[in-house]
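The structure under discussion appears below in the form of structure tokens.
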Amino acid sequence: MEASKLKLTDEFMPAKINRDNLKKIYEGKAKILYEFSGEEDKKDLLLTYFKDDATAFNGQKKGTIVKKGEYNNAISSSLFKLLKNKGINSHFIEKISEREMLTYHLKMLPIEFIVRNIAAGSLAKKMGVEEGVKFLSPVVELCFKSDELGDPMINKTYLKAFDICDPANAAKAEDIALNINEILSKFFDDNNIIVVDFKLEFGLYKNEVMLADEITPDSMRLWDKQTMEKVDKDRFRRDLGKVEEAYQRIVEITSKY
Ligand code: C5P
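With the working numbering applied, the sequence shown corresponds to residues 384 to 640, in that order.
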């Protein structure tokens, strides 16, 4: 069955979360994932906890953004709902507390899909272009997820050669990523914000490619349309101040979903 036809929220709507059964299976820089140990009806589910920890430059810079976990859980939940309304399924089921969301447990593709509309960050540096230059069409980069290697950029021929994933699944994910770019660019534009670039991750759920991870100011570059002020994690990366205020602004914009 196509993922778009799955009745996602009806299928596993949890009556109650039993916290005694939560088993930590992963802790990353910004999130902790738990599975529901021993609960047969929740074997396909995960609980994601959003932390306040902030890192940059592959972990070289570390800090805390007060309440980031709450902001990112709210923003990501809202954006997953917005995308679902537009026909894009994700692992998101529901927000269950200030810092927690319930999701499907996907088999992740070990790839970061970076979509870019405007030159910034690593691409501006690599291509020798000024930050702020708009591309003639969106750029999509595939990066192999590896902290050790610094998430190197790869191309499609690496997928089969290194047995990274089925190239057909990566192609589907790329199509979805470009569709998401159109939806998010329009949504944020209507709210006076430019989507400069963002990173997405995908996984397989019942053999369907599905959006996973998070969509937050940690993983996006967002600029104010009038002032070009940054409203994202670059405020932390580049010590620009008013970091919490930036996240709060995105919470407000997305909260209608
Ligand atoms: O650093 P770079 O310019 O390559 O980042 C491009 C976009 O992808 C930014 O929005 C950044 O926040 C996001 N990104 C991410 N996680 C990474 C690498 C990039 O969220 N590991």
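Ideal placement from N, C-alpha and C gives every residue a C-beta, glycine not left out.
Everything numeric in this text was worked out from a predicted model, so none of it was measured.
| Check | Outcome |
| --- | --- |
| Bounding residues of the alpha helix (DSSP H) (the contiguous stretch that carries Arg482) | First-last for Arg482: undefined, no H or E at that position. |
| Runs of alpha helix (DSSP H) lying entirely within the stretch 557–640, each at least 4 residues, in chain order | 617–620, 626–637 |
| Asp436, DSSP secondary structure in three states | strand |
| Inter-residue Cα distance where the pair is Lys388 and Asn500 | Note on Lys388: pLDDT 40, under 50, position unreliable in the model; the coordinate value appears next. Computed Cα separation, rounded: 30 Å. |
| Span separating the alpha-carbon of Asp572 from that of Val578 | 8 Å |
| Among Phe419, Asn455, Leu428, the one whose alpha carbon lies nearest that of Asp436 | Asn455 |
| Endpoints, beta strand (DSSP E) assigned at Asn500 | 494–501 |
| Whole-number beta carbon distance between Phe619 and Ile448, since they are thought to touch under 8 Å | 6 Å |
| Residue closest to Leu416, alpha-carbon to alpha-carbon, out of Arg604, Asp403, Tyr432 | Tyr432 |
| Ser473, buried or exposed, once every other Cβ within 10 Å from all chains shown has been counted against 16 | buried |
| Endpoints, the beta strand (DSSP E) within which Leu335 is located | With the chain covering only 384 through 640, there is no way to say anything about residue 335. |
| Start and end residues, beta strand (DSSP E) containing Phe419 | 414–419 |
| Continuous alpha helix (DSSP H) stretch holding Lys445: start and end | Taken as a continuous stretch (DSSP letters only), Lys445 belongs to no alpha helix (DSSP H), being part of the beta strand (DSSP E) at 444–447. |
| Whole-number beta carbon distance between Glu477 and Leu430, since they are thought to touch under 8 Å | The Cβ separation is near 11 Å, so there is no contact. |
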